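*Asks:*
In my numbering, the protein residues as written are 1 to 367.
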């Protein structure tokens, strides 16, 4: 998408709060009388003001699904991340061993054709071998792959694990073989990512590159769920390089796009009502921008948040979230992967809930 010049006009129309002040002030008055001392003035009533949140965000966006064929269309593939390698969209399954230790790829031209003619035959991703993928099971408490990011001929994987009553995270480097003929893990240089919360099944689900550094972002950044939230920084060889503060974001952050030249990126912010571990009452983003029609009075959250890395921290861009039109009040689409699609929008993918869905989300058009 086009990046916003902070000194020039924005591509989007920013929302605002409208302060509605209801004030009634009764002036001191006197009842006409020959003897004014018999009638004391009425005490004035203090004025009050109430801030009413008004929907000032973008219209909700309807997703355009891209039908898939072959093994990648099965819910059991459980996609957990996306990234580009050149002109190939790489789809990351949570458990590659279910499909012969393979990831999947789709050429950009096939995606472009599918989007320009939605009625065409489903497209089938090709397999990308993870040549030593069977060695992943040697990791303590291995529970699958959560994110992937490419940096030239190198790549990095975020892996989730569990050890008795605590969660584990792993960051694994690897190299691309040939022209995406395969991917080879460098398990000898695996880094252990310490948990940031005691909640189970919650770990690092987002990887982005900032220049040559790897940024690992935990899926929880809520006020109560992760009060000490921060992202981890690593050099290319995975030497620790510090941390970045992370803004307060309720619910889950499940993946993010690459950074644009201004250090900005889009992240998926998702909530499923069955997620009893996460509080649903306070949501500063909803209070700031309001809700779209399908999100009103519904516990499901499907939205994209724009963030940026600046001054040693990750911050929310002062821009409304992009909410997706929900299917209904019950069924949530668990979006787990996201990449940019030129200047037009993003591609997103679900895990198995409600099924495997690859879709295009357009950016809102300024009015």
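From the three backbone atoms N, C-alpha and C, an ideal C-beta is built for every residue, glycine too. Source: prediction; values computed, not measured.
When DSSP labels each residue in this structure, what does residue 82 get in the three-state scheme?
*Replies:* Against the chain shown, residue 82 aligns to sequence position 82. Strand.
*Asks:* Which of the three DSSP states, helix, strand or coil, is assigned to residue 58?
*Replies:* As a first step, residue 58 must be located in the chain shown, where it is residue number 58. Residue 58 falls in the coil class under three-state DSSP.
*Asks:* Just verifying my parser: in three-state terms, what is the DSSP assignment at residue 175?
*Replies:* On the chain shown, residue 175 is found 175 positions in, with the first residue counted as 1. Strand.
*Asks:* Three-state secondary structure (DSSP) at residue 170?
*Replies:* As a working note, residue 170 is residue 170 in the chain shown. It is a strand residue.
*Asks:* Are at least three pairs of beta-carbons, each pair with one atom in the stretch 254-269 and one in the stretch 232-244, less than 8 Å apart?
*Replies:* no
*Asks:* At a cut of 8 Å, does the stretch 76-90 reach the stretch 146-159 through at least three beta carbon pairs?
*Replies:* yes
*Asks:* Nearest CA to the CA of residue 147: which residue from 219, 181, 86, 125?
*Replies:* For the purposes of this step, residue 147 is taken as the residue at position 147 of the chain shown. For residue 147, the nearest C-alpha among the options comes from 219.
*Asks:* Is it buried or exposed for residue 200, if we count other Cβ within 10 angstroms and need 16 for buried?
*Replies:* Position 200 of the chain shown, counted from the start, is the residue given in the question as residue 200. Counting Cβ neighbours within 10 Å, residue 200 comes out exposed, since fewer than 16 surround it.
*Asks:* Across which residues does DSSP place residue 218 in a beta bridge pair?
*Replies:* Within the chain shown, the letter at position 218 stands for residue 218. Residue 218 is bridged to 204.
*Asks:* For residue 105, which of helix, strand or coil comes out of DSSP?
*Replies:* Taking the first residue of the chain shown as position 1, residue 105 is located at position 105. Under the three-state reduction of DSSP, residue 105 is assigned to strand.
*Asks:* Curious, which full-length alpha helix (DSSP H) runs of at least 4 residues does the stretch 235-295 contain?
*Replies:* 284-289
*Asks:* Should residue 91 and residue 103 be called a contact, given that it needs their Cβ atoms to be closer than 8 Å?
*Replies:* The residue you call residue 91 lines up with position 91 of the chain shown. The residue you call residue 103 lines up with position 103 of the chain shown. Yes, the pair counts as a contact, with Cβ atoms nearer than the cut-off.
*Asks:* Below 8 Å on the Cβ atoms is my guess for residue 348 versus residue 361; work out the distance and round it to an integer in Å.
*Replies:* Position 348 of the chain shown, counted from the start, is the residue given in the question as residue 348. Position 361 of the chain shown, counted from the start, is the residue given in the question as residue 361. Correct: roughly 6 Å between the Cβ atoms.
*Asks:* Below 8 Å on the Cβ atoms is my guess for residue 130 versus residue 105; work out the distance and round it to an integer in Å.
*Replies:* Residue mapping note: residue 130 aligns to position 130 of the chain shown, counting from 1. Residue mapping note: residue 105 aligns to position 105 of the chain shown, counting from 1. That pair is no contact at about 12 Å.
*Asks:* Taking its Cβ as the centre, do 16 or more other Cβ atoms sit within 10 Å of residue 283, making it buried, or is it exposed?
*Replies:* The residue given as residue 283 occupies position 283 in the chain shown. Under this definition residue 283 is a buried residue.
*Asks:* Which one or two residues does DSSP pair with residue 362 in a beta bridge?
*Replies:* On the chain shown, position 362 is the one that residue 362 refers to. Looking at the DSSP assignment, residue 362 forms a beta bridge with 345.
*Asks:* Cβ atoms of residue 264 and residue 307: under 8 Å apart, would you say?
*Replies:* Against the chain shown, residue 307 aligns to sequence position 307. Against the chain shown, residue 264 aligns to sequence position 264. Yes; because the gap between Cβ atoms is below 8 Å, this pair is in contact.
*Asks:* Starting from residue 156, trace the beta strand (DSSP E) both ways and give me its first and last residue.
*Replies:* In the chain shown, the residue the question calls residue 156 occupies position 156. First-last of the beta strand (DSSP E) with residue 156: 154-163.
*Asks:* Spatial neighbours of residue 310 within its chain, please: C-beta separation below 8 Å, excluding the five flanking residues on both sides.
*Replies:* As a position in the chain shown, residue 310 is number 310, starting the count at 1. The residues are 263.
*Asks:* Who are the Cβ neighbours of residue 66 in its own chain at under 6 Å, not counting the five residues just before and after it?
*Replies:* Against the chain shown, residue 66 aligns to sequence position 66. Same-chain partners within the cutoff: 114, 358.
*Asks:* Which word fits residue 274, buried or exposed, when buried means at least 16 other C-beta atoms lie within 10 angstroms of its C-beta?
*Replies:* The residue labelled residue 274 in the question sits at position 274 within the chain shown. Exposed, by the Cβ-count rule.
*Asks:* Could you please give the first and the last residue of the uninterrupted beta strand (DSSP E) stretch that includes residue 128?
*Replies:* The sequence position of residue 128 within the chain shown is 128, counting from 1. Where residue 128 is concerned, the enclosing beta strand (DSSP E) stretches over 126-129.
*Asks:* Measure how close the beta-carbons of residue 322 and residue 364 come, nearest whole angstrom, since I'm counting them as under 8 Å.
*Replies:* Looking up residue 322 in the chain shown gives position 322. Looking up residue 364 in the chain shown gives position 364. About 6 Å; that satisfies the 8 Å criterion.
*Asks:* So residue 149 is in the beta strand (DSSP E); what residue range does that whole segment cover?
*Replies:* Within the chain shown, numbered from 1, the residue matching residue 149 stands at position 149. It spans 142-151 - the beta strand (DSSP E) in which residue 149 sits, taken as one unbroken run.
*Asks:* Quick one: what's residue 301 bridged to in DSSP?
*Replies:* Taking the chain shown and counting its residues from 1, one reaches residue 301 at position 301. Bridge partners of residue 301: 271.
*Asks:* Does the separation of the CB atoms of residue 225 and residue 254 fall below 8 Å?
*Replies:* Counting from 1 along the chain shown, the entry for residue 225 is found at position 225. Counting from 1 along the chain shown, the entry for residue 254 is found at position 254. Going by C-beta atoms, residue 225 is not nearer than 8 Å to residue 254.
*Asks:* Helix or strand or just coil, what does DSSP make of residue 308?
*Replies:* For this step, residue 308 is matched to residue 308 along the chain shown. Strand, per DSSP.
*Asks:* With DSSP collapsed to three states, give me the class of residue 229.
*Replies:* Reading the chain shown from its first residue, position 229 is the one you call residue 229. It is coil, neither helix nor strand.
*Asks:* Please state whether DSSP places residue 330 in a helix, a strand or coil.
*Replies:* On the chain shown, position 330 is the one that residue 330 refers to. Coil, per DSSP.
*Asks:* Sort out for me which residues DSSP pairs residue 182 with in a bridge.
*Replies:* The residue you call residue 182 lines up with position 182 of the chain shown. Beta-bridge pairing links residue 182 to 177.
*Asks:* With a cut-off of 8 Å on the beta carbons, I'd call residue 325 and residue 61 a contact; round off their distance for me.
*Replies:* Your numbering for residue 325 matches position 325 in the chain shown. Your numbering for residue 61 matches position 61 in the chain shown. The pair is a contact, with the Cβ atoms about 7 Å apart (cut-off 8 Å).
*Asks:* Where does residue 118 fall in DSSP's three states?
*Replies:* Stepping through the chain shown from its first residue, residue 118 is reached at position 118. Judged by DSSP in its simplified three-state form, residue 118 adopts coil rather than helix or strand.
*Asks:* Do you know how far the Cα of residue 57 is from the Cα of residue 305?
*Replies:* If you number the chain shown from 1, residue 305 lands on position 305. If you number the chain shown from 1, residue 57 lands on position 57. Straight-line Cα distance between these residues: approximately 12 Å.
*Asks:* Locate the beta strand (DSSP E) running through residue 224, then write down its first and last residues.
*Replies:* Residue numbering aside, residue 224 sits at position 224 when the chain shown is read from its first letter. Here residue 224 belongs to no beta strand (DSSP E), and DSSP marks it neither H nor E.
*Asks:* Shortest alpha-carbon distance to residue 236 belongs to which of 173, 107, 315?
*Replies:* On the chain shown, position 236 is the one that residue 236 refers to. Residue 236 has its Cα closest to that of 173, out of 173, 107, 315.
*Asks:* For the putative contact between residue 246 and residue 230, defined by C-beta atoms under 8 Å, what is the C-beta separation to the nearest angstrom?
*Replies:* Taking the first residue of the chain shown as position 1, residue 246 is located at position 246. Taking the first residue of the chain shown as position 1, residue 230 is located at position 230. Right, the Cβ-Cβ distance comes to about 6 Å (below 8 Å), so this counts as a contact.
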